[in-house]
Each structure stands twice: as structure tokens, then as C-alpha cells.
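Residue numbers (the working numbering): 115 to 467. Down below is the structure, laid out as C-alpha cells.
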């Protein structure tokens, strides 16, 4: 069963990782072309296993009649994290959205964006349609388990004491074991006619023995649910609480102190930069930008064990790079940009395959 229960708020914007661009403002009444560079949102899927233990009706007599020591004596529900997956998803970055003045001579008239407004390049082929993702179906609620009649003879079903009924259940278990042994050693007359009949008889005996044994040892039921968290990091994170795991409620938000914390660390690489010497040079104002994304390490764990560790290219931690104005003045050039990371991929003549 999948459910989305939590959205993690992004932290305050850290200075230094973004380029010093002015706040985007859309000019009113003027023809402009608008494109955005991407930022990466992390979609974090957490699998939680719920284990419910229920004592059997005759658990007090398990040692007396079956010599069983591994017995559930109290009702208990526990939760644990079984798996964590992280999927990056690009979205338009409002801090890196630009408006380009349109004109007949401007080669940026051939600028291409995708359905999210993310820059794809100039003179590139039309965007391929995205596959339609079917809507998630909600699984119907499982009916509550119905109490099964005890497979005991009339003598024990009419007994007035629990001890007597437990004795009858234990005797039935031993009968099943003796019958199964007789089938397996061919010490039974007549034997089943074929292998399928023998298998059906053995499966039925196994099921009956398991149901009777659970009256003494108890039952354990495990259910797994998937929770999706959305995190938009805007700064490095060090041991930030991502979510908590409560022994009573399972996965809970980070501010619910009833659960044990699970932490996230986001460590982007540092991209070294320098200021070139521009003395005496007149630099044309560029109108198209790409991004050099930063390789970012993401780890999630409970402080002792890591549940997830991986690397992603995250443009919000990278550097915005202007595309040379000389290239933009050429009408027959094709510029390709990766929508997911904003990285410049290719510069080539339009006619090249």
C-alpha cells in the first residue's frame, strides 16, 4: 500500500551556491521568451514493515502439551524501516528564470523548453511526449479475519475447561503428524492413487497442523507500506531529522517526538571559481544560461546504520554559466541543454546528425 504522508520543508537559502542574478520580473505588455533552469527535488520512498504478534488461545499450555518454548505471550506491534529509495525530480527554479526580449534578428526565437518550462536548447527537435503515468489505485481494505472454529472432536468442544480443549488440540496435532509420517513412509493402506492426490493430502495436513499449533504459539502478521516524502534542498544539510519512527504509529513527521529520529545528510561538492581579468574588455550581455551542476552526496540513516547512500547531480548547488554571445549570434547553430540538470550538452551545426 502506498501513501504520501509528509512533505519536508526546504531549509533557508544559503548564500554563495547560486549565481548573483536579479529577481525575475515579467515585463508587462512586452513580447518576451521565458525559460527556467532546473533545481532538483528529492522524492524519498520509505518502506515500513508493521509486525503484529498475537498470543494463541492456549499459549499457557504450550510447554505442557507441545514442549514449545518460542511462544508469544503478549500482544505486540512493532515497526521497522526495510528500505529507502531516493529519486531525483527536476522542477523550474524561480530564482533562475529568465525573460528574453524577442526580435526578428534574435536567434533565441528558436529557444526550446519542455512542459515544465525548463530550457532544452536552441534549434533542438521538438520535445517527445511524456508517457502517461496511470493514477495510483487505492487498495481495498482487507476484511477483518473471521474466527475459525476449532478442529476438535465433540468431546473436547463440549469441555468446560480451557485445559481440556488444549489437550484435545494437542492430540489432534499428534494425530496429524502420525498420519503424515504414514503417508511419507507408504505405511498406509490404501495409498493415494497419484502424486497430485498425495500432495493435496500433505498440504491439507500441513495447514491443519499450522492452525492448531498457532493456538499454542501465537500468530505473527507482517504488512509493508510505502510512504513518500518530498524534500527540496536549498543548502547543505548535516544530521537534519528527516522523519521519525514511532513504536506505536510507525512513520511520523520530524517534529513528532514520540518516534526515534532518522537523519539526512546532503553534502554538495565545492566548485572552485575565479574572477577573470576583464580590464579593457567590453563584455556583451549574455541572454542564455546553463548550469554546471554539483555532485551531491545524500545519505539517510538512524545515526548508527545507513539506510541509503547515493550521489546526484543537483543544479541548485552548482554554478550558472552564460553561453557565449558569439554562439548565440549564429543562426545555424544548435545548442542542447539537459533539462534535468541544466548542463550544456552539445553545440553543433544544425544540419549535423
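C-beta atoms are modelled at their ideal positions from N, C-alpha and C, and glycine is treated no differently. The model shown is predicted, which means the values in this text are computed figures rather than measured ones.
Limits of the alpha helix (DSSP H) - the one that residue i falls within
{"i": "residue 287", "result": "276-298"}
{"i": "residue 460", "result": "Not the alpha helix (DSSP H): residue 460 falls in the beta strand (DSSP E), residues 458-463."}
{"i": "residue 324", "result": "309-331"}
{"i": "residue 177", "result": "176-179"}
For residue j and residue i, believed in contact at Cβ under 8 Å, the rounded distance
{"i": "residue 173", "j": "residue 284", "result": "Not really, about 13 Å apart at Cβ, beyond 8 Å."}
{"i": "residue 187", "j": "residue 169", "result": "5 Å"}
{"i": "residue 230", "j": "residue 429", "result": "That pair is no contact at about 13 Å."}
{"i": "residue 198", "j": "residue 426", "result": "That pair is no contact at about 14 Å."}
{"i": "residue 432", "j": "residue 406", "result": "5 Å"}
{"i": "residue 236", "j": "residue 225", "result": "6 Å"}
{"i": "residue 160", "j": "residue 412", "result": "Actually they are not in contact, since the Cβ atoms of residue 160 and residue 412 sit about 14 Å apart, beyond 8 Å."}
Given residue i as reference, the closest of the options once Cα atoms are compared
{"i": "residue 319", "options": "295, 334 and 301", "result": "295"}
{"i": "residue 452", "options": "204, 310, 311 and 184", "result": "204"}
{"i": "residue 214", "options": "148, 292 and 379", "result": "148"}
{"i": "residue 275", "options": "211, 175, 201 and 236", "result": "175"}
{"i": "residue 401", "options": "298, 443 and 420", "result": "443"}
{"i": "residue 350", "options": "359, 383, 367 and 326", "result": "383"}
{"i": "residue 140", "options": "208, 317 and 160", "result": "208"}
{"i": "residue 469", "options": "362, 325, 361 and 238", "result": "Outside the shown range of the chain, which is 115 to 467, sits residue 469, and nothing can be said about it."}
{"i": "residue 277", "options": "177, 457 and 455", "result": "177"}
{"i": "residue 348", "options": "234, 368 and 408", "result": "408"}
Within 9 Å, strictly: CB atoms of residue i and residue j
{"i": "residue 438", "j": "residue 448", "result": "no"}
{"i": "residue 182", "j": "residue 334", "result": "no"}
{"i": "residue 434", "j": "residue 388", "result": "no"}
{"i": "residue 158", "j": "residue 194", "result": "no"}
{"i": "residue 364", "j": "residue 185", "result": "no"}
{"i": "residue 156", "j": "residue 341", "result": "no"}
{"i": "residue 297", "j": "residue 315", "result": "yes"}
{"i": "residue 380", "j": "residue 410", "result": "yes"}
{"i": "residue 210", "j": "residue 151", "result": "yes"}
{"i": "residue 165", "j": "residue 324", "result": "no"}
{"i": "residue 216", "j": "residue 146", "result": "yes"}
{"i": "residue 61", "j": "residue 356", "result": "Not covered by the structure: residue 61. The range shown for the chain is 115 to 467."}
{"i": "residue 326", "j": "residue 352", "result": "no"}
{"i": "residue 371", "j": "residue 358", "result": "yes"}
Start and end residues, beta strand (DSSP E) containing residue i
{"i": "residue 368", "result": "Per DSSP, residue 368 belongs to no beta strand (DSSP E) and is neither H nor E."}
{"i": "residue 443", "result": "That residue, residue 443, is in no beta strand (DSSP E); it is neither H nor E in DSSP."}
{"i": "residue 408", "result": "403-415"}
{"i": "residue 161", "result": "146-168"}
{"i": "residue 197", "result": "190-215"}
{"i": "residue 357", "result": "351-360"}
{"i": "residue 432", "result": "420-436"}
{"i": "residue 226", "result": "225-227"}
{"i": "residue 236", "result": "233-236"}
{"i": "residue 447", "result": "447-451"}
>> Using 8 Å as the cut-off, can you tell me whether the stretch 373-388 makes contact with the stretch 412-430, which would need three or more C-beta pairs spanning the two stretches below that distance?
In response: Contact between the stretch 373-388 and the stretch 412-430 is present, because at least three Cβ pairs lie under 8 Å.
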